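A.B. asks: Protein sequence lines correspond, in order, to chains P and D.
Residue numbers for the first sequence follow this note's numbering, beginning at 1 and rising by one.
Residue numbers for the second sequence follow this note's numbering, beginning at 194 and rising by one.
Number of protein chains: 2
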Amino acid sequence: MGSDGGEGEKSTRERILDIALDLFIDQGYDKTSLREIADRLGYSKAAVYYHFASKADILLALHYRLHDMFGGSLDDLNQQVDDPVAWAKVLDTFIGQMLADRRLFILHERNRAAFEKLHRDQLHEDQHSDLEGTFRTLLANPEVPVADRVRLACALGAIMGTLAIAGEAFASVPTEDLTDMIRSAVGDLLTPR
Amino acid sequence: MGSDGGEGEKSTRERILDIALDLFIDQGYDKTSLREIADRLGYSKAAVYYHFASKADILLALHYRLHDMFGGSLDDLNQQVDDPVAWAKVLDTFIGQMLADRRLFILHERNRAAFEKLHRDQLHEDQHSDLEGTFRTLLANPEVPVADRVRLACALGAIMGTLAIAGEAFASVPTEDLTDMIRSAVGDLLTPR
DNA sequence: GTCTATATAGGGATAGAC
DNA sequence: GTCTATCCCTATATAGAC
Numbered sequence: 001m002g003s004d005g006g007e008g009e010k011s012t013r014e015r016i017l018d019i020a021l022d023l024f025i026d027q028g029y030d031k032t033s034l035r036e037i038a039d040r041l042g043y044s045k046a047a048v049y050y051h052f053a054s055k056a057d058i059l060l061a062l063h064y065r066l067h068d069m070f071g072g073s074l075d076d077l078n079q080q081v082d083d084p085v086a087w088a089k090v091l092d093t094f095i096g097q098m099l100a101d102r103r104l105f106i107l108h109e110r111n112r113a114a115f116e117k118l119h120r121d122q123l124h125e126d127q128h129s130d131l132e133g134t135f136r137t138l139l140a141n142p143e144v145p146v147a148d149r150v151r152l153a154c155a156l157g158a159i160m161g162t163l164a165i166a167g168e169a170f171a172s173v174p175t176e177d178l179t180d181m182i183r184s185a186v187g188d189l190l191t192p193r
Numbered sequence: 194m195g196s197d198g199g200e201g202e203k204s205t206r207e208r209i210l211d212i213a214l215d216l217f218i219d220q221g222y223d224k225t226s227l228r229e230i231a232d233r234l235g236y237s238k239a240a241v242y243y244h245f246a247s248k249a250d251i252l253l254a255l256h257y258r259l260h261d262m263f264g265g266s267l268d269d270l271n272q273q274v275d276d277p278v279a280w281a282k283v284l285d286t287f288i289g290q291m292l293a294d295r296r297l298f299i300l301h302e303r304n305r306a307a308f309e310k311l312h313r314d315q316l317h318e319d320q321h322s323d324l325e326g327t328f329r330t331l332l333a334n335p336e337v338p339v340a341d342r343v344r345l346a347c348a349l350g351a352i353m354g355t356l357a358i359a360g361e362a363f364a365s366v367p368t369e370d371l372t373d374m375i376r377s378a379v380g381d382l383l384t385p386r
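1. Under the rule that 16 or more other beta-carbon atoms within 10 Å means buried, what is P:Tyr64, buried or exposed?
2. Looking at C-beta atoms only, is the number of pairs between the segment 152-159 of chain P and the segment 75-94 of chain P that lie closer than 8 Å three or more?
3. Between the Cα of P:Val48 and the Cα atoms of P:Ala166, P:Ser11, P:His67 and P:Ile95, which residue gives the shortest distance?
4. How is P:Gly71 classed by DSSP in three states: helix, strand or coil?
5. I need the DSSP call for P:Gly170, collapsed to helix, strand or coil.
6. DSSP state of D:His317, grouped into three classes?
7. Please identify, using Cβ separations under 7 Å, the residues of the segment 218-231 of chain D that lie next to chain P, in order along the chain.
8. Evaluate the contact criterion for the segment 135-144 of chain P versus the segment 159-176 of chain P: three or more CB pairs, one atom per stretch, below 8 Å.
9. Does the CB of P:Met181 have a neighbour CB from chain D at under 8 Å?
10. Return yes when the Cβ of P:Asp188 is within less than 8 Å of the Cβ of D:Asp381, no when it is not.
11. Measure the Cβ-Cβ separation of P:Leu17 and P:Ile58 and say whether it is below 8 Å.
12. Could you tell me the distance, in whole angstroms, from the CA atom of P:Asp101 to the CA atom of P:Val146?
13. Measure the C-alpha to C-alpha separation of P:Ala185 and P:Ala158 and round it to an integer number of angstroms.
14. Would you be able to state if there are at least three C-beta pairs under 8 Å between the segment 66-77 of chain P and the segment 30-38 of chain P?
15. Using a Cβ cut-off of 8 Å (strictly closer), state whether P:Ile19 contacts chain D.
16. Quick one: grab the DSSP three-state call for P:Arg13.
17. If we require 4 or more residues per run, which alpha helix (DSSP H) segments fall completely within the segment 237-262 of chain D?
18. For the putative contact between P:Trp87 and P:Leu163, defined by C-beta atoms under 8 Å, what is the C-beta separation to the nearest angstrom?
19. Who are the near neighbours of D:Glu302 in its chain, counting only those whose CB is closer than 6 Å to its CB and skipping five residues on each side?
20. In this structure, how does DSSP classify D:Lys224 when only helix, strand and coil are distinguished?
21. Report the residue ranges of all alpha helix (DSSP H) runs contained in full by the segment 289-314 of chain D; include only those spanning at least 4 residues, in chain order.
22. Determine the DSSP secondary structure at D:Gln272, reduced to helix, strand or coil.
23. Counting only the same chain and skipping the five closest in sequence on each side, list residues whose C-beta sits under 7 Å from that of D:Leu259.
24. Please list the partners that D:Val366 has in chain P, where partner means a Cβ-to-Cβ separation under 7 Å.
25. If you measure from the beta carbon of D:Met262 to each beta carbon in chain P, is any gap under 8 Å?
26. Between D:Arg208, D:Ala306, D:Leu311 and D:Asp261, which lies nearest to P:Asp30 when the distance is taken from Cα to Cα?
27. Check whether the Cβ atoms of P:Leu60 and P:Leu21 sit closer than 8 Å, and answer yes or no.
28. Does P:Arg112 have its Cβ less than 8 Å from a Cβ in chain D?
29. Applying the criterion that 16 or more other CB atoms from any shown protein chain within 10 Å of the CB defines a buried residue, is D:Ala246 buried or exposed?
30. Note down, in chain order, each residue of its chain lying with its Cβ closer than 7 Å to the Cβ of D:Met194, except the 5 sequence neighbours on either side.
31. Using a Cβ cut-off of 8 Å (strictly closer), state whether P:Thr134 contacts chain D.
32. In chain P, which residues lie with their C-beta within 7 Å of the C-beta of D:Arg344?
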């Protein structure tokens with residue numbers, strides 16, 4: 001399939017990313033050193049540098065994992081910037097995608113500063129390839145009533161919050177159940193009573 | 194009033210905290226060096242060390258600023274751990290307090306890893322003196338139905354999200370208006386239709 | 001592909017002069 | 001109260017052997 005020969009075993013590159021994901025969530029990106037990653041990997045620091053050009057490059061790869069997860073729903077959101085009623089539908093899709101791999105979201109949520117720096121330094125693409133950028137553009141759009149925008153911010157926060165603030169509190173809750181509950185909550189937020 | 198002699202001018206200590214607040218929000222705690230703080234202050238690094246024993250000590254002082262802001266409402270929440278209907282009232286108070294000094298909240302939101310480490314290293318007090326600790330305890334309480342706890346997580350996320358995700362988007366919105374809008378949203382989340 | 005050894009820089013923190 | 005000078009450690013990253 002990919003560029004790897006193996007079938008069951010993961011490539012070293014993927015293993016590094018998995019380890020980095022754990023450590024970046026636990027300690028934060030800045031407080032995690034390549035030595036720690038290399039130790040868990042069982043190899044030396046230089047081995048890590050063989051697979052990634054820099055520490056930021058590891059974060060970048062994780063960013064792409066997250067980006068791939070969304071498929072086109074980010075574009076959908078960008079195309080309906082000024083249509084508050086359309087948001088609810090897009091967010092439903094979002095919620096499903098987010099919960100499918102919660103940890104990537106938690107990573108993003110907990111290392112916002114690092115990701116922003118990454119975007120400033122490396123990703124000079126458009127604002128909208130970025131999750132945060134998309135949200136901020138939407139929330140700052142003066143053509144949409146403030147009340148609607150605040151509601152959207154609350155809805156986004158509700159999704160993120162369930163993952164980030166709760167931590168491991170809902171780890172044992174089946175993904176489908178959690179998805180349903182969050183969808184219901186977001187529905188209450190975006191649909192007028 | 195306080196321990197300072199001056200009336201109009203701030204003490205150096207307070208100035209350091211203000212500068213640190215700005216930088217920690219912008220770049221994150223880890224990526225901010227004492228040299229940067231000292232530069233903005235106009236003094237040397239050693240001058241900063243005169244006022245604070247360590248870098249972590251600066252973060253600690255900011256933690257106390259946040260802590261003081263709450264007054265007793267954190268205790269209120271701790272005393273009504275298993276009463277979901279009481280949460281709504283406490284959160285109303287919370288929202289007002291949070292918005293009264295948004296930036297302290299954003300600091301906390303954006304440097305969760307650093308604050309957690311601070312608590313592990315320095316604050317061996319009780320779990321409940323801490324904002325996050327209080328929330329996590331509440332959200333993990335098995336005596337409360339999961340659905341209620343998820344709703345609470347959404348409500349907390351909605352509050353945090355409006356501050357953290359939105360960034361400067363709502364900077365021009367009057368605090369009272371924003372408070373009302375968030376209270377209304379949280380009400381919709383916690384009150385069954 | 002993985003290693004050792006090393007270059008280089010920057011950060012936190014201390015000692016002691018003024 | 002504030003400064004200069006300095007120590008020490010850790011981190012990123014590179015060069016080159018195996």
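Where is the CB? At the ideal position from N, CA and C, for every residue including glycine.
Please read all numbers here as calculations on a predicted model, not as lab measurements.
C.D. replies: Well, looking at it:
1. exposed
2. yes
3. P:Ser11
4. coil
5. Residue identity check: residue 170 of chain P is Phe in the sequence provided, not Gly. Reduced to three states, the DSSP call for P:Phe170 is coil.
6. coil
7. Gln220, Gly221, Asp223 and Lys224
8. no
9. yes
10. yes
11. yes
12. 31 Å
13. 8 Å
14. no
15. no
16. helix
17. 238-244
18. Rounded, the Cβ-Cβ distance is 19 Å, inconsistent with contact.
19. Met353 and Ala357
20. coil
21. 295-303 and 305-314
22. helix
23. Leu297 and His301
24. Val146
25. no
26. D:Ala306
27. no
28. yes
29. exposed
30. At D:Met194 the pLDDT is 41, less than 50, meaning the model places this residue with poor confidence; the figure from the coordinates comes in the next sentence. If we look at D:Met194 and ignore the five residues flanking it on each side, it has no Cβ neighbours.
31. no
32. Ala185
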